[in-house]
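In this note's numbering, the protein residues as written are 265 to 480. All C-beta atoms in this analysis are idealised placements derived from N, C-alpha and C, irrespective of residue type, glycine included. As the structure is a prediction and not an experimental result, all values here were calculated from the model. Data first, discussion second: the structure below is written as structure tokens.
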């Protein structure tokens, strides 16, 4: 199901009593989700590793990659870093789905919740002269409330949405069908892969890029 995430990470986990048990790390995953903003990936290295978890010695990178490709939430190691870290926040959605990642789900669910609360303010309100389109008083009030709801996410620190567009199409049969509102949520991109390309040149040689900058 596209709204379900399965945590496959396990290992030796230390609890607050100092006991160490081999078990699933789902509880630690929930703790991480509750501690970060909705748009943030659980595996952000800047947030630190999973300090309470020690992965099995026989757990390999290929195992982690296979599980992650299958749609499971995993833990992973990075060479030169001591702790283990969360991988992609995958869901069981199809690979073509917009909802493959928990951060997308969390942003959309929060936005929908906020939109619904504001939309309720317009229930049984007068739409106004629909020939005015979105400028009709009732429709303009509805649109403004919906935009205000999403503004709380775009103005949050850090931003939960990059931007949003609220559009009420014209020529609607409001009496029989109600009001349809099209909302586009513009999300914050996540850096999932970094490719470093390094070249070596001698200072002052014709390949030194600083000389090109000075010449320009």
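{"Asked": "Start-end ranges of the alpha helix (DSSP H) lying completely within the stretch 315-398, minimum 4 residues", "Found": "325-333 and 366-383"}
{"Asked": "Three-state secondary structure assigned by DSSP to residue 430", "Found": "strand"}
{"Asked": "Residue range of the unbroken beta strand (DSSP E) whose run includes residue 296", "Found": "Counting along the chain, residue 296 falls outside any beta strand (DSSP E), though it belongs to the alpha helix (DSSP H) covering 290-299."}
{"Asked": "Contacting residues, own chain, Cβ-Cβ under 6 Å from residue 211 (five flanking each side not counted)", "Found": "A query on residue 211 cannot be resolved here, the shown segment of the chain reaching from 265 to 480 and no further."}
{"Asked": "Span of the beta strand (DSSP E) around residue 491", "Found": "Because the chain in this structure spans residues 265 to 480, residue 491 falls outside the shown range and cannot be described."}
{"Asked": "Contact the stretch 429-445 vs the stretch 393-408: 3+ CB pairs below 8 Å", "Found": "yes"}
{"Asked": "Nearest residue (CA-CA) to residue 350, options 311, 453, 461 and 425", "Found": "311"}
{"Asked": "Residues that residue 446 bridges to, as DSSP identifies them", "Found": "431"}
{"Asked": "Residue from 275, 305, 301 and 286 whose Cα sits closest to the Cα of residue 364", "Found": "305"}
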